[in-house]
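Peer 1: Got a structure here, written out as structure tokens. Questions coming.
Numbering (my numbering), first residue to last: 9 to 252.
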């Protein structure tokens with residue numbers, strides 16, 4: 009989608025989606041799969057807020073938008089958000105079927121792609137999952153939620169070029185390190201934020217981060233829970249944030 013904005017006598021054009029990053033995008037990790045993304049225009053997006061039962065500290069956040077990939081307690085605690093944000097649920101809370109999300113606020117367009125929370129039929133009770141796509145000037149960010157299996161060709165085509173990927177790696181309830189590496193091969197994102205893995209704070213039993221990072225040389229460990237993207241790297245980078 010292409011927009012024109014008139015201001016100070018000048019027309020400014022931009023396109024939603026992938027391309028050279030022209031402005032800063034701030035990413036903050038609160039633990040598990042919960043991130044706050046701040047767009048160049050200042051729109052605050054809170055993705056997959058967890059309940060207080062998870063073990064992580066509850067952040068003080070006042071987002072404009074809350075994304076919920078699926079209706080499990082470690083991803084749908086919208087009460088984390090102060091104020092009256094727009095809540096976009098990937099699944100209908102009552103029917104547990106997919107909701108089609110197609111929403112725009114200022115410089116961000118958000119859409120959803122249908123996915124599954126499981127791979128083996130024995131785990132079918134986990135149900136469905138929604139991939140959240142956030143498109144803003146020069147950058148496309150994708151939050152995979154609790155993805156249960158590698159992507160299929162249709163999903164890959166719907167995603168398009170992925171610049172920033174929020175990737176579950178801890179297995180047990182989602183893809184594990186091996187499957188996460190396959191998703192990296194499928195999408196080839198410029199920046200990767202691993203999520204949904206075991207930490208000292210987390211009360212759930214998941215796999216550690218280390219199996220996913222094994223033998224990788226493109227890892228940047230940040231001493232803090234925030235990272236600002238001002239440009240996309242020429243080579244893929246895996247950004248490991250600290251939830252504290």
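C-beta atoms are modelled at their ideal positions from N, C-alpha and C, and glycine is treated no differently. Every value quoted in this text rests on a predicted model; they were computed, and no experiment measured them.
Under 8 angstroms Cβ to Cβ from residue 41, same chain only, skipping five residues before and after it: list those, please.
Peer 2: 55, 56, 58, 77, 82, 83, 151, 153, 154, 174, 176, 203, 204
Peer 1: Please go through the segment 92-120 and give each complete alpha helix (DSSP H) segment of 4 or more residues, from N-terminal end onward.
Peer 2: You should have found no qualifying run.
Peer 1: Rounded to a whole number of angstroms, what is the C-alpha to C-alpha distance between residue 215 and residue 124?
Peer 2: 20 angstroms
Peer 1: Measuring CB to CB, does residue 240 end up less than 7 angstroms from residue 171?
Peer 2: Against a cut-off of 7 angstroms, the Cβ pair of residue 171 and residue 240 comes out as a contact.
Peer 1: Can you check which of these residues, 67, 43, 71, is closest to residue 50 by C-alpha distance?
Peer 2: 71
Peer 1: Comparing C-alpha positions only, which one of 252, 210, 180 sits nearest to residue 62?
Peer 2: 210
Peer 1: What residues in its chain sit with their C-beta under 6 angstroms from that of residue 200, if we drop five residues either side in the sequence?
Peer 2: 173, 175, 246
Peer 1: Can you check whether the CB of residue 73 is closer than 7 angstroms to the CB of residue 93?
Peer 2: yes
Peer 1: Could you give the uninterrupted runs of the beta strand (DSSP E) lying entirely in the segment 189-214, keeping only those of 3 residues or more?
Peer 2: 199-203
Peer 1: DSSP three-state call for residue 233: helix, strand or coil?
Peer 2: coil
Peer 1: For residue 29 and residue 238, I'd like the C-alpha separation in whole angstroms.
Peer 2: Residue placement at residue 29 cannot be trusted, given a pLDDT of 49 that sits under 50; what the coordinates show is reported in the next sentence. Taking the straight line joining both Cα atoms gives about 7 angstroms.
Peer 1: Among 136, 38, 107, 206, which has the Cα closest to the Cα of residue 89?
Peer 2: The residue with the shortest Cα to Cα distance from residue 89 is 38.
Peer 1: In the structure shown, what three-state DSSP assignment does residue 143 receive?
Peer 2: strand
Peer 1: Specify, as a first and last residue, the run of the alpha helix (DSSP H) that residue 162 falls within.
Peer 2: 161-167
Peer 1: Output yes or no for whether 7 angstroms exceeds the beta carbon distance between residue 233 and residue 36.
Peer 2: yes
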